[in-house]
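These protein sequences, in sequence, are chains H and D.
When you line the first sequence up against my numbering, it's residues 51 to 412, in that order.
When you line the second sequence up against my numbering, it's residues 51 to 412, in that order.
Think of the CB as a built atom: it goes at the ideal place given N, C-alpha and C, for glycine as much as any other residue.
First comes the structure, then the notes that go with it.
Number of protein chains: 2
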Amino acid sequence: MRLAQVETPALLVDRRLLDANIAALASFVQSRAPGVRLRPHAKSHKSPDIARRQVAAGAVGLCCQTVREAEALAAGGIADILLTNEITDADKAARLAALGRQARISACADHSAHVALLSWAAREAGTTLHVLVEIDAGGGRCGVPSAEAARELATAVAGSPGLRFDGLQAYNGGAQHLRSFAERQAAIANAARIAEAASDLIRQSGLPCSTVSGAGTGTFEIEMASAVYTELQCGSYVFMDADYARNQPSGESGVPAFEHALTVLATVISLPATGRAVCDAGLKAMSLDSGPPSLARHPGLTYGGASDEHSTVQIAPGTVLQLGDKLQLVPGHCDPTVAMHDWIVVHEDGVVTDLWPVARGW
Amino acid sequence: MRLAQVETPALLVDRRLLDANIAALASFVQSRAPGVRLRPHAKSHKSPDIARRQVAAGAVGLCCQTVREAEALAAGGIADILLTNEITDADKAARLAALGRQARISACADHSAHVALLSWAAREAGTTLHVLVEIDAGGGRCGVPSAEAARELATAVAGSPGLRFDGLQAYNGGAQHLRSFAERQAAIANAARIAEAASDLIRQSGLPCSTVSGAGTGTFEIEMASAVYTELQCGSYVFMDADYARNQPSGESGVPAFEHALTVLATVISLPATGRAVCDAGLKAMSLDSGPPSLARHPGLTYGGASDEHSTVQIAPGTVLQLGDKLQLVPGHCDPTVAMHDWIVVHEDGVVTDLWPVARGW
Chain H
51 MRLAQVETPA
61 LLVDRRLLDA
71 NIAALASFVQ
81 SRAPGVRLRP
91 HAKSHKSPDI
101 ARRQVAAGAV
111 GLCCQTVREA
121 EALAAGGIAD
131 ILLTNEITDA
141 DKAARLAALG
151 RQARISACAD
161 HSAHVALLSW
171 AAREAGTTLH
181 VLVEIDAGGG
191 RCGVPSAEAA
201 RELATAVAGS
211 PGLRFDGLQA
221 YNGGAQHLRS
231 FAERQAAIAN
241 AARIAEAASD
251 LIRQSGLPCS
261 TVSGAGTGTF
271 EIEMASAVYT
281 ELQCGSYVFM
291 DADYARNQPS
301 GESGVPAFEH
311 ALTVLATVIS
321 LPATGRAVCD
331 AGLKAMSLDS
341 GPPSLARHPG
351 LTYGGASDEH
361 STVQIAPGTV
371 LQLGDKLQLV
381 PGHCDPTVAM
391 HDWIVVHEDG
401 VVTDLWPVAR
411 GW
Chain D
51 MRLAQVETPA
61 LLVDRRLLDA
71 NIAALASFVQ
81 SRAPGVRLRP
91 HAKSHKSPDI
101 ARRQVAAGAV
111 GLCCQTVREA
121 EALAAGGIAD
131 ILLTNEITDA
141 DKAARLAALG
151 RQARISACAD
161 HSAHVALLSW
171 AAREAGTTLH
181 VLVEIDAGGG
191 RCGVPSAEAA
201 RELATAVAGS
211 PGLRFDGLQA
221 YNGGAQHLRS
231 FAERQAAIAN
241 AARIAEAASD
251 LIRQSGLPCS
261 TVSGAGTGTF
271 EIEMASAVYT
281 ELQCGSYVFM
291 DADYARNQPS
301 GESGVPAFEH
311 ALTVLATVIS
321 LPATGRAVCD
331 AGLKAMSLDS
341 GPPSLARHPG
351 LTYGGASDEH
361 STVQIAPGTV
371 LQLGDKLQLV
381 PGHCDPTVAM
391 HDWIVVHEDG
401 VVTDLWPVAR
411 GW
């Protein structure tokens, strides 16, 4: 089947660009910081098929944000999975602990109640759960607020049956989207200082702290060079959304410039007036939370706006567009866009080569 | 099962508030404009279960925005379905025409190519498709640009085997979200003038134009009183999202004030610092395209921001919140929020009474 025959809207992944992105990050990290592990984030793709390609390229395992994602990854053969999130629900904790029979499972905690729940679930399941204490690295979301609180919680983990203390989760999501490299550098320097102070204190109390995990597509080169982070959690680099592409690069040579491997395929369903087209991918097919999609692949077309099942497109004079023509839009934000679709349509040179399921829902 | 036991994030509908909204609009239209038909829009709920409740309350049928929704409605026993959209894909046209064996099916056209495709599909399926010519009523999306173009296309429909010309689709989506009643009134007065000029011209050419369909939750009372519109397409009133609730009402007595029947259930998963909580419903569980969700049901809590699977919440001094507590967030925009979920969890007095499937995808 050719792309022109695919019913729209549909989520497309260009297999060659995807593999090029996976290879580019893996070889960059391996050459510049061979001691730093790569643990890509599956929340971007929710796809065991893509996760296996990342592991084949050298990743030590995957991150995920939900228990549902962890289950899909384990079922897909991923042997080392970190839930970069807290859970308070007993059923979810039990589901997570059960995965410990198939894979090495880690989760995060920022409160003694998380530690107690994970310990209970691991003992019930007869498995071991590895735990990272999450520290607020400047993002203002989850995480204990101080090195002293991190040390206390690490001690609680180390003393809990069924659990193993591995280290720290120190992710600053907001830093990923600061536009200038200098701003991102300052935010991650602060995150690294916070993580280092906590890991020093934990080690002083006699516990090992072998892992400091964090980073994302917007800042990974900074964490990588920090000498504090041992593990990078980049997710969006596999697809590279329009929002990340708006960041100013560091200017350093050799840093990979990732390609837009993910697009949403849409059909031109209306040409109601000169200079205006309407296509059939709207708010239910693409997330606009980080700005509009890009029409950079279609010279002469400019994105207008979205409603539930429509996007309007402005057509420059001289550009020819016909009813039924297909457009490929690069989403502003890949992660929530992927979660709107059940299948990834994989293509090469305009031909569909695979359908990969998306582990939607919870 | 009680709501406190439901795994989160989950999409909730309060059955009593839903039925009250359905009854309130039906009785308002029936008492004020008995000649105006109600054809609620299924794009808001994607649920045959809710559609049947709307028909039971007097709706003549349903609108939908995708062929997938039309299929779900027909399978759910809805006998009269209008696709308020154009299609250019032969497979989709064939799927739509096949539904003509089960239900009265209508679709929109704003180009002779749509007319030719619908005629071909109806003849192939051996069914009849009813057609509304869509006219741009000021929304700047789909629709022919003039009364003369509408007349030409109506004539083409009337002369096409397998098709029946019914009238005009004249929807102005942007008008729904103008904040002041006066602005909305001016926008719909303009839409009604456009629709009236086109229907007059069509009738002068000897064709009947029995239907002028349009309106939404933000403006329906204006279309209803216009003496031009014969059919109202309100959708969001069943759930009433936070964005519509920001509109200033007309001030006229008796106009229904719809209740927030739809919420997203979330769990407090982290209390990392004084005054801050984090819950597990983020950008993948709620659409933020029309602004943030409301926490009005939880005095002392203010919505902070969202990431993929998290929302941060500010806690006022004196407000007590615990790990594992459940929150009900009123989405900013119901339609794309519903499309993120596979099931609607129906509840009454805190008890789950039903699970209704959502006709997601395309």
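| Item | Value |
| --- | --- |
| In three-state terms, what does DSSP make of F289/H? | coil |
| With a threshold of 8 Å on Cβ separation, who are the neighbours of G354/D within its own chain once the five nearest residues in sequence on each side are excluded? | R326, S361, T362, V363, Q364 |
| Can you list, in chain order, the residues of the segment 396 to 412 of chain H whose Cβ is nearer than 7 Å to any Cβ on chain D? | G411, W412 |
| When the Cα atoms are used, what is the spatial distance from R89/H to L312/D? | 37 Å |
| Looking at C-beta atoms only, is the number of pairs between the segment 141 to 158 of chain D and the segment 178 to 194 of chain D that lie closer than 8 Å three or more? | yes |
| Give the range of the beta strand (DSSP E) segment to which W170/H is assigned. | Not the beta strand (DSSP E): W170/H falls in the alpha helix (DSSP H), residues 162 to 175. |
| I'd like to know whether the C-beta of A232/H is nearer than 7 Å to at least one C-beta of chain D. | no |
| I want to verify the contact list: residues of chain D whose CB lies under 9 Å from the CB of C113/H, in sequence order. | In chain order: nothing, as chain D lies at least about 12 Å away. |
| Does any residue of chain H have a CB that is nearer than 7 Å to the CB of H310/D? | no |
| With distances taken Cα to Cα, identify the nearest neighbour of A346/D among T269/D, S320/D, V370/D, P381/D. | P381/D |
| Count the CB pairs spanning the segment 215 to 231 of chain D and the segment 184 to 196 of chain D that are closer than 8 Å, and state whether there are at least three. | yes |
| When the Cα atoms are used, what is the spatial distance from C113/H to E184/H? | 14 Å |
| May I have a chain-ordered list of the alpha helix (DSSP H) segments no shorter than 4 residues that lie completely inside the segment 191 to 215 of chain H? | 197 to 208 |
| Run through DSSP, which three-state label would D399/D get? | coil |
| Whose Cβ in chain H lies nearer than 7 Å to the Cβ of L338/D? | D339 |
| Answer yes or no: does any C-beta atom of chain A fall closer than 7 Å to that of H348/D? | In summary, chain A is missing from the structure at hand, where the protein chains are H and D. |
| If you measure from the beta carbon of K96/H to each beta carbon in chain D, is any gap under 7 Å? | no |
| Can you tell me where the alpha helix (DSSP H) holding V79/D begins and where it ends? | 65 to 82 |
| Of all the alpha helix (DSSP H) runs that stay within the bounds of the segment 342 to 398 of chain D, which reach a length of 4 or more residues? | 384 to 388 |
| Starting from L251/H and walking both ways along the alpha helix (DSSP H), at which residues does that stretch end? | 231 to 254 |
| In or out: M336/D buried (at least 16 other Cβ within 10 Å) or exposed? | buried |
| State the beta-bridge partners of D404/H as determined by DSSP. | V396/H |
| Should E359/H be flagged as near chain D, meaning a C-beta pair shorter than 7 Å? | yes |
| Between H391/D, A356/D, S196/D, C284/D, which has its C-alpha nearest P322/H's C-alpha? | S196/D |
| In angstroms, rounded to a whole number, what distance separates the CA positions of V207/D and T324/H? | 23 Å |
| Determine which residues share a DSSP beta bridge with D130/H and list them. | R154/H |
| Assess contact between the segment 117 to 126 of chain H and the segment 284 to 303 of chain H, defined as three or more Cβ pairs (one per stretch) separated by less than 8 Å. Is contact present? | no |
| With respect to the alpha helix (DSSP H) encompassing L123/D, which residues constitute its N-terminal and C-terminal limits? | 117 to 125 |
| Just list the residues that DSSP pairs R326/D with in beta bridges. | A323/D, Q364/D |
| Compare the C-alpha of G108/H against each of L61/H, A409/H, V318/H, Q80/H and name the closest. | Q80/H |
| Is the Cβ-Cβ distance between K334/H and P386/D less than 7 Å? | yes |
| Answer yes or no: does any C-beta atom of chain H fall closer than 7 Å to that of S196/D? | no |
| According to the Cβ coordinates, are V314/D and A331/D closer than 7 Å? | yes |
| Mind checking which residues open and close the alpha helix (DSSP H) that includes L146/H? | 140 to 148 |
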